[in-house]
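For reference, the structure is listed below as structure tokens.
Numbering (this note's numbering), first residue to last: 7 to 122.
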């Protein structure tokens, strides 16, 4: 089992920044991919960004050039730096990891609210 604890969400004005963190504990070895998804009210959960163990990143078009995903393998922590936030970025953000066994784990989510 892997436990994921997210932090860093909150309320920010449009144009502001937030940094989300996701710390993995438990059986965190063999994590190959980490990522962030988000779900706005009334919408489906969508991919925000992913990062592989080698550092390869992938972003949704809507956040490219504004968000940066990174990971600290020594701390089993993944980060999402969010800049130039827009009201449409308002959502619950979920951390997720995938292990070599193909098991996928999710965090409990952290609320990000961007006011106009």
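C-beta atoms are modelled at their ideal positions from N, C-alpha and C, and glycine is treated no differently.
(message) Taking contact to mean 3 or more Cβ pairs, one atom from each stretch, closer than 8 Å, check whether the stretch 81-90 and the stretch 22-42 are in contact.
(response) yes
(message) For the structure I just gave you, are there three or more beta carbon pairs, one from the stretch 100-113 and one from the stretch 69-78, closer than 8 Å?
(response) no
(message) Restricting to Cα atoms, I'd like to know which of 61, 21, 97 and 60 is closest to residue 49.
(response) Taking the first residue of the chain shown as position 1, residue 49 is located at position 43. Comparing Cα positions, the closest option is 97.
(request) Run through the stretch 19-106 for me and flag every whole beta strand (DSSP E) of 3 or more residues, listed as ranges in chain order. (result) 24-32, 37-45, 52-58, 63-65, 73-78, 83-88 and 97-105
(message) Just to confirm before moving on: does the CB-CB distance between residue 121 and residue 26 stay below 8 Å?
(response) Start at 1 with the first residue of the chain shown, and residue 121 comes out as number 115. Start at 1 with the first residue of the chain shown, and residue 26 comes out as number 20. No; because the gap between Cβ atoms is not below 8 Å, this pair is not in contact.
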